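Take a look at the structure set out below.
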Amino acid sequence: MSTLVTGDSQVLFENLQKAFEKLAQRYEIVMTAKISNACPETEKE
Numbered sequence: 166m167s168t169l170v171t172g173d174s175q176v177l178f179e180n181l182q183k184a185f186e187k188l189a190q191r192y193e194i195v196m197t198a199k200i201s202n203a204c205p206e207t208e209k210e
């Protein structure tokens, strides 16, 4: 399984934190993410 997310890094990290904190309130979780600034950008539609 793979998901590609592009955009402003501040928005990305804020939302990863929100998602983690919300899930961590109910479950024991592990979040694994690969984040790169070296990948080519995708074309915007």
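Okay, so the sequence shown: first residue is 166 according to the working numbering, each after it adds one.
Cβ coordinates follow ideal geometry from the N, Cα and C atoms, glycine included.
The structure presented is a predicted model; accordingly, all values stated were derived computationally and were not measured.
{"Query": "Using 9 Å as the threshold, is the C-beta distance between Phe185 and Met196 below it?", "Result": "yes"}
{"Query": "Assuming Thr171 and Glu206 are in contact, meaning their beta carbons sit under 8 Å apart, how far apart are those beta carbons, in whole angstroms?", "Result": "7 Å"}
{"Query": "What residue range does the alpha helix (DSSP H) around Ser174 cover?", "Result": "Ser174 to Ala189"}
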